[in-house]
Each structure stands twice: as structure tokens, then as C-alpha cells.
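In my numbering, the protein residues as written are 1 to 77.
Ideal Cβ placement from N, Cα and C applies to all residues, glycine included.
Computed from a predicted model, the values in this text were never measured in an experiment.
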């Protein structure tokens with residue numbers, strides 16, 4: 001499997017640590033020029049995989065996350 005070394009995040013993006021620890025993280029970066037949001041999996045500052053989500057699919061992903069969060073934690077806000 002090919003891996004890529006760490007690159008700085010674009011201006012619009014974020015990084016989230018995996019609950020399991022062990023150097024795992026998820027990075028989210030917007031690429032408006034390509035009309036995608038890239039979700040990348042990292043381990044010890046090495047990219048191990050990416051997923052390019054088309055911008056038109058972002059609202060659906062947000063709905064799934066929001067509905068699941070509200071169902072699991074109804075008093076959380």
C-alpha cells in the first residue's frame with residue numbers, strides 16, 4: 001500500500017483524533033477547486049487512505065451524523 005507523508009491542512013479543514021489512540025487521526029479538508037471534501041486517515045503522521053466526497057453529498061453525510069448523534073444522546077443539545 002502506498003503512503004504519503006504529512007502535508008499541511010488547507011485553510012478550511014480540521015483534524016480529529018481517533019478514540020482508540022495509537023497515532024490515528026481523521027483529517028477533513030475542503031478542496032473547492034475540485035468540488036470535493038477529502039477525508040483522510042492518518043497514523044503516526046502518515047496518510048494511509050483517502051476518500052473524496054462530492055460537495056453535493058456533504059448535506060447527506062451531515063444529516064446522518066446529526067441524526068445518529070441526536071438518537072444516541074437526546075439530551076446533548
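Reduced DSSP category for residue i - H, G, I as helix; E, B as strand; rest coil
{"i": "residue 71", "result": "helix"}
{"i": "residue 21", "result": "coil"}
Nearest neighbour of residue i, chosen from the options [CA to CA]
{"i": "residue 47", "options": "69, 32, 28 and 70", "result": "28"}
{"i": "residue 14", "options": "75, 26, 34 and 72", "result": "26"}
{"i": "residue 51", "options": "12, 36 and 32", "result": "36"}
{"i": "residue 24", "options": "16, 67 and 30", "result": "16"}
{"i": "residue 22", "options": "58, 74 and 41", "result": "41"}
{"i": "residue 18", "options": "45, 71 and 53", "result": "45"}
Exposed unless 16 or more other CB atoms sit within 10 angstroms - verdict on residue i
{"i": "residue 64", "result": "exposed"}
{"i": "residue 66", "result": "exposed"}
Between the CA atoms of residue j and residue i - distance to the nearest angstrom
{"i": "residue 49", "j": "residue 43", "result": "10 angstroms"}
{"i": "residue 31", "j": "residue 62", "result": "17 angstroms"}
{"i": "residue 69", "j": "residue 12", "result": "23 angstroms"}
{"i": "residue 39", "j": "residue 73", "result": "25 angstroms"}
{"i": "residue 53", "j": "residue 71", "result": "24 angstroms"}
{"i": "residue 58", "j": "residue 76", "result": "23 angstroms"}
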